[in-house]
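Enquirer: Protein chains in written order, with this note's numbering: chain A, 2 to 100; chain B, 251 to 895; chain C, 23 to 448.
Dropping a structure here in structure tokens format, bear with me for questions.
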Amino acid sequence: MNPTHYIVLSAILFSIGAVGVLVRRNAIVVFMCVELMLNASNLALITFAKVNGNLEGQIAAFFVMVVAAAEVVVGLAIIMTIFRTRRSASVDDASLLKY
Amino acid sequence: MSNQALALFSEAVPVISPVAADGVFSLLWLVIALPALGAAVLLIGGKATDKWGHLLGTATVAGSFAISLAAFIGLLGRGAEDRSIEQSLWTWFEAGSYQVSFSLLYDQLSALFLLLITGVGSLIHIYSIGYMSHDARRRRFFGYLNLFVAAMLVLVLSGDYLGVFMGWEGVGLASYLLIGFWQHKDSAAMAAKKAFVVNRVGDIGMALGASLIFATFGTTSFAAISKLSEQADPSTLTAIGLLLLLAACGKSAQFPLQSWLLDAMEGPTPVSALIHAATMVTAGVYLIVRSNFIFSLTEDARTAVMVIGCITLLMGAVIGCAKDDIKKGLAGSTMSQIGYMILAAGLGPVGYALAIFHLLTHGFFKANMFLGAGSVMHGMNDDVNMRHYGALRKAMPVTFLTFAMGYLAILGVPPFSGFFSKDKIIESAFATNPVAGMAALIGAGVTGFYMTRMMLMTYFTAKRWEDDVHPHESPKSMTMPLVILAALSILGGVMIWGNWIVDWLAPVVGEPHEHHLAVSPIVMSAIILAVVAVGVLTAWMLVGKREVPREAPTKVSAFTKAARADLYGDAFNESFVIAPTMGTVKALTVLDEHVVDGAIEGAADSFRLSSGALRGLQTGYVRSYALSLLGGAALVVIALLVVTL
Amino acid sequence: MTTFWVLAVVMVAAALGLLFVRKAVHCALLLAVVMVSLAVLYLKLEAPFLFSVQIIVYTGAILMLFLFVLMLVGVDSSDSLVETIKGQRVFAAIVGLLFGGTMVAGIAQVSVGTVSSGLSEANKDGNVQGLAHILFSKYVLAFEATSLLLITAAVGAMVLAHRERLTAKIGQAEMARQRMRDYAESGKPLGPLPAPGVFARHNATDTPALLPDGSVAEASISRVLKARGTVQSAPALADDIVELTHDQVGHDAPEGALALGASAAAAVPAAVDSAATTPEVSEPAATKAPAKKATAKQAATKKAAVKKVAPAKAAPAKAVAEKAPAKKAAPAKAAPAKKAPAKKAPAKKVEAATPGKWSGSVMPLVGGGRPAGYDIKGNENSMLFHRPGGRWYDITIAEVWFDTAEAAEAAGFSEAGKRKKGGAAK
């Protein structure tokens, strides 16, 4: 197997996730795209673990997952709260903090 | 006094070393506290005190007078070395090594002033009861008068320049309030403001003088300075002297700060008599005499004092000649007489006592005449124009007679008080400086002219008053003080009996050196009397023998016009002080608006515009921010790539 | 290697789908595809523990959380795909491509290295054991820190989701008082709201109750149903009643059946109108029953059956008359006329019509009769009009009569039954 392929795949997924954050307006979908980016980085970490022959990369991926879980919990709670007050899940609607 | 000191004329100044107050002297603080209490009660008590306010006001001053008299008698009973008494009340404030205690210095000089202020003050309070009886705000008037008396007493009793300064400002305030007492009149309000502003100029001199004294000696107490002054640098002493002279000019209406006094006559007549004739305006003389330990050591400052005195005595006399307003005429006279005092004070140790002597006699006769003028106004429906008077001697006999006593006194006719005080000054002036002597002599002649003119226009010549005016004698409360003051005008000269006042003041102001006149004093007096007689005769020729027109003639000499315009004092101020100041202010305003504001607002504008352009980036859309974030990340990656390749 | 290529294509396709699909639920499903595929790749990369964690935690827990929130927020909260920020898409695409392109180019430039021995050495005691060994020795502090993080996140989510009660809870006593107050102030009935459904032929929560005067009791049906426009018209079911009675009573008691039918009709003013005024209008009511009989199997079952009846109405009257004896129809006409003497039936009496609000319209005659020359019924409440012979023509109470359908349309009315489903009630 060629690890470069995995890394390239990881980069592509990451870019797609980043573009998704930029273009999607539904806050939940934006969140999903963030998750996609995290997953892409996980793939890279695990690939590096394999390349280097030790488990540290997998540990790092494990921590990323934990942090992502925490992040999702809080993030979705925030989305819920915003939706409750504004009746909208669009990230563009929460744009009061501007000039 | 040693021979060496005599030779050097002014090398030794008397040292003030006061003893602690005891007995009757421990009541000294009451002299100030009584009128202060009266002022507080009357001004804070408000309308509740309307009924008896004037009585309380008079009583407090009379009480002060009683204590002053008792203290004076006690002082007479002491030896010359014990006559300087200090009552330390409390420590006013201290800053580092500088400690100012609020202490009263009661010595020969203060004693005389105390008697003058409380004595004449009491009489004028009594007079005011009648004079102000129709005024709805009489209680307030008495409150202000009490405030004035208290402040003036602080001024003369304080043993420290700072205390003097406090009293100095206090009398300024009281003067402002009383000149503008009839504030509904624009002229009175303006006059009050003018007096206040012009006095501020003098006060700057006082403040700077006191500061310089502190910087030089490290203390502002009279007693301490009198011990140190001989060691000070003469030029510093001169500077202090000139600053104190500026202060004296402001308060005593001396040239070039004389312009406020004539306008100050807008105040009620008792105010003119008490403040602007007898007491406050003489504070400048007091300051110079009290600071003899400065002035005695600096010839230059003394000369300046003398010059100012000469100029003012002539100016005041000339202005007095042309005024038809009886009070303004008297105000010109006051200026002139204070000029005499300043001149005397400028003569050095020989003149200090004479200045105080003339100050006292002038206090008597000028207060007398002012009150007399007030009495005349009282009978003439408050008309002040002498051209509307005439032949009042029959209608107001008491007023006329008392006024005549004052008249004779100011002319210097023996044996009236003015004869002794003024002649002595002129003599001493001749002995010290012939020019000053000549100025004083001419001033005496002019005094004879304008006083005679006033006398004739008011009490003699044909009656010119309106049909509805019914001149009548004033009530007892007004004539009684007149009588007392007239008596004092006559008898005031007794103080010089056996050189008493000179000896009395010598421990404070220094021993006068012997002066040698070319002619004997008798001849000198004769010359002075002759000059005065010339003035009187001229007045008789110009005024007494002719018909006095009801309207002031307009076709008059340039000299008269100048005198009517107060020798263009106001015009001078207007064009040389006010106009340049206003011009500077305008220029500064323009500068401020265009240059300073322009720079600041320009900077602010540029910031505002640039931030206005930049804030467009803050759209509030998270996705826009995320886009720039990703753009930045892309740039980092590109940079990494470029670096590694 | 095949696994990789297949999964890579699937993943990239699914990820791209994430950018383009409209519904958030679909996004979640696409994400699930990516995640499961990643899990498989993890397995291939000798990470069996992370494989299971990826599936259990990511796909199982986190994605389910997403779906829950989607449910709470509203499944239909799909993006409108119109971009609001000018140029955002274009720039996003450019920057995204730039970023991805440079990343890929960069990775291609550097040598990632080759897999020498793999993880066989590290995994020799088992992957989980190996991970555990590192995690609980070298990374134990970080591990504890994540526990703090998780607990903080849980508490934070609870705080965020918590809703503070802003007003006091309303108790029974307070509610009772409020009800009495409403009654005193606005006359709101004290008792329960009227139940829907006049006749419990089926679970007719969509059929409003009728008040004694025959008008519809608005309060008897749910607001939601009304908003959806799926409310049945009670009078429309009146013929079912007649039909039912026929079914049950048969021909033996035609009078009673008819009387019942008539009484049902009497509850429906429109039917009363038609029965009381003109024979030709009352005819369908009478003839429908036999027509129904022909389709008795479908009838009496569902609302749908009623619809099927509609064509029957259009059947020629003669044909109907053959099946239903005319004499039986005649009493049917007469009976309601007698039974409802209170109705001031202006039978056959043509009155001058009052002009209506719109051109070509007139107001109904006194008593609700049809003005001559005006055949189209207009319902001002629904802004619908009915042609003669239309489905609801007979049962409609005309607030206004039109001469032509065009006039009705010009007046802003639309023809009943021509509107799209779900578009009603607006």
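Just so it is clear, CB atoms sit at the ideal spot from N, CA and C, and this is done for glycine as well.
With DSSP as the reference, please indicate the residues paired to Q337 of chain B in a beta bridge.
Expert: For Q337 of chain B, which the question treats as bridged, DSSP gives the partners B:L354.
Enquirer: Give the straight-line distance between the Cα atoms of R185 of chain C and W414 of chain C, rounded to the nearest whole angstrom.
Expert: When rounded, the distance between both Cα atoms is 49 Å.
Enquirer: What does the alpha-carbon distance come out to for the pair G882 of chain B and A130 of chain C?
Expert: Taking the straight line joining both Cα atoms gives about 22 Å.
Enquirer: Tell me, which residues are paired with S383 of chain C by DSSP?
Expert: Beta-bridge pairing links S383 of chain C to C:F424.
Enquirer: Taking a Cβ distance cut-off of 8 Å, strictly less, list which residues of the region 119 to 152 of chain C are near chain B, in chain order.
Expert: Cβ contacts with chain B: L120, F121, T124, M125, A127, G128, Q131 and V132.
Enquirer: Identify each residue in the region 158 to 181 of chain C for which the Cβ-Cβ distance to at least one residue of chain A is less than 7 Å, and report them in chain order.
Expert: Result list: Y161, A164, T168, L171, L172, A175, A176, G178 and A179.
Enquirer: How big is the Cα-Cα spacing for A756 of chain B and F543 of chain B?
Expert: Roughly 13 Å between the two C-alpha positions.
Enquirer: Keeping to the same chain, check which residues put their C-beta closer than 8 Å to that of S479 of chain B; ignore five residues upstream and five downstream.
Expert: Cβ neighbours of S479 of chain B beyond the five flanking positions: V263, F467, L487, F543, I544 and L547.
Enquirer: Could you run through the region 184 to 203 of chain C and flag, in chain order, every residue whose CB is less than 9 Å away from some CB of chain A?
Expert: Against chain A - using a Cβ distance shorter than 9 Å - the residues of the region 184 to 203 of chain C are R185.
Enquirer: Quick one, which of C:T189, C:S404 and C:G118 has its alpha-carbon nearest I888 of chain B's?
Expert: The option with the nearest alpha carbon to I888 of chain B is C:G118.
Enquirer: Under the rule that 16 or more other beta-carbon atoms within 10 Å means buried, what is V447 of chain B, buried or exposed?
Expert: Exposed, since its Cβ has fewer than 16 Cβ neighbours within 10 Å.
Enquirer: Taking the runs of the alpha helix (DSSP H) that are 4 residues or longer, which of them lie wholly in the region 415 to 498 of chain B?
Expert: You should have 436 to 467 and 472 to 478.
Enquirer: Got a sec: is the Cβ-Cβ distance from R450 of chain B to anything in chain A below 8 Å?
Expert: No, R450 of chain B does not count as interfacial toward chain A.
Enquirer: When you compare the CB of L56 of chain A with every CB in chain C, is at least one pair closer than 8 Å?
Expert: Output row for L56 of chain A: interface = yes.
Enquirer: Please list the partners that I156 of chain C has in chain A, where partner means a Cβ-to-Cβ separation under 8 Å.
Expert: Near I156 of chain C (Cβ distances below 8 Å), the residues of chain A are L56, E57 and I60.
Enquirer: Which bits of chain A does M57 of chain C rub up against, with CB to CB less than 7 Å?
Expert: Neighbours of M57 of chain C on chain A, chain order: N40.
Enquirer: At a Cβ threshold of 8 Å, is M86 of chain C touching chain A?
Expert: Judged by the 8 Å Cβ criterion, M86 of chain C is not in contact with chain A.
Enquirer: Output yes or no for whether 8 Å exceeds the beta carbon distance between K573 of chain B and G566 of chain B.
Expert: No, they are not a contact pair.
Enquirer: Just tell me which of C:A195, C:Q110 and C:L92 has its CA closest to the CA of F84 of chain A.
Expert: Among C:A195, C:Q110 and C:L92, the Cα nearest to that of F84 of chain A is on C:L92.
Enquirer: Please confirm whether T368 of chain B and F415 of chain B have their CB atoms less than 8 Å apart.
Expert: Not in contact: T368 of chain B and F415 of chain B (Cβ atoms no closer than 8 Å).
Enquirer: With a 10 Å radius around its C-beta and 16 neighbouring C-beta atoms as the bar for buried, classify F363 of chain B as buried or exposed.
Expert: Result: buried.
Enquirer: For F653 of chain B, which option in B:L407, B:M704 and B:P518 has the closest C-alpha, if you only look at C-alpha atoms?
Expert: Out of B:L407, B:M704 and B:P518, B:M704 has the C-alpha closest to the C-alpha of F653 of chain B.
Enquirer: Out of A:M2, A:R88, A:Y7 and A:E36, which has the shortest C-alpha to C-alpha gap to V20 of chain A?
Expert: That would be A:E36, whose Cα lies nearest to the Cα of V20 of chain A.
Enquirer: Using C-beta distances below 7 Å, list every residue in its chain close to I475 of chain B, excluding the 5 sequence neighbours before and after it, in chain order.
Expert: Cβ within range, chain order: I463, F467, T469 and F543.
Enquirer: Please state the DSSP three-state secondary structure of S260 of chain B.
Expert: The predicted model places S260 of chain B with a pLDDT of 44, which falls under 50 and marks its position as unreliable, so this point remains unresolved.
Enquirer: Classify P647 of chain B as helix, strand or coil using the three-state DSSP reduction.
Expert: DSSP places P647 of chain B in helix when its eight states are reduced to three.
Enquirer: Rounded to whole angstroms, what's the CA-CA distance from T562 of chain B to Q504 of chain B? Just pull it up for me.
Expert: Near 6 Å, if we compare the C-alpha coordinates of Q504 of chain B and T562 of chain B.
Enquirer: Does DSSP classify F505 of chain B as helix, strand or coil?
Expert: Coil at F505 of chain B, not helix or strand.
Enquirer: Mapping DSSP to helix, strand and coil, what is H384 of chain B?
Expert: Looking at H384 of chain B - three-state DSSP - the assignment turns out to be coil, as it is neither helix nor strand.
Enquirer: Between which residues of its own chain and E336 of chain B is the CB-CB distance below 8 Å, once the five residues before and five after are set aside?
Expert: Here the set comprises P268, V269, A270, A271, S353, L354, L355, Y356, G409 and A473.
Enquirer: For S42 of chain A and L40 of chain C, I'd like the C-alpha separation in whole angstroms.
Expert: Their backbone Cα atoms lie some 17 Å apart in a straight line.
Enquirer: Can you check whether the CB of T519 of chain B is closer than 8 Å to the CB of Y381 of chain B?
Expert: Cβ atoms of Y381 of chain B and T519 of chain B: closer than 8 Å.
Enquirer: Taking F71 of chain C as the query, report the chain D residues whose CB atoms sit under 7 Å from its CB, ordered along the chain.
Expert: In the structure shown, chain D cannot be found, because the protein chains are A, B and C.
Enquirer: State the DSSP-derived secondary structure class of E431 of chain C, mapped to helix, strand or coil.
Expert: Three-state result, E431 of chain C: helix.
Enquirer: L867 of chain B touches chain C at which residues, Cβ-Cβ below 9 Å?
Expert: In chain order: nothing, as chain C lies at least about 13 Å away.
Enquirer: Measure the beta-carbon distance from W715 of chain B to G640 of chain B and round it to whole angstroms, keeping in mind my assumption that it falls under 8 Å.
Expert: Contact flag correct, Cβ pair sits at about 7 Å.
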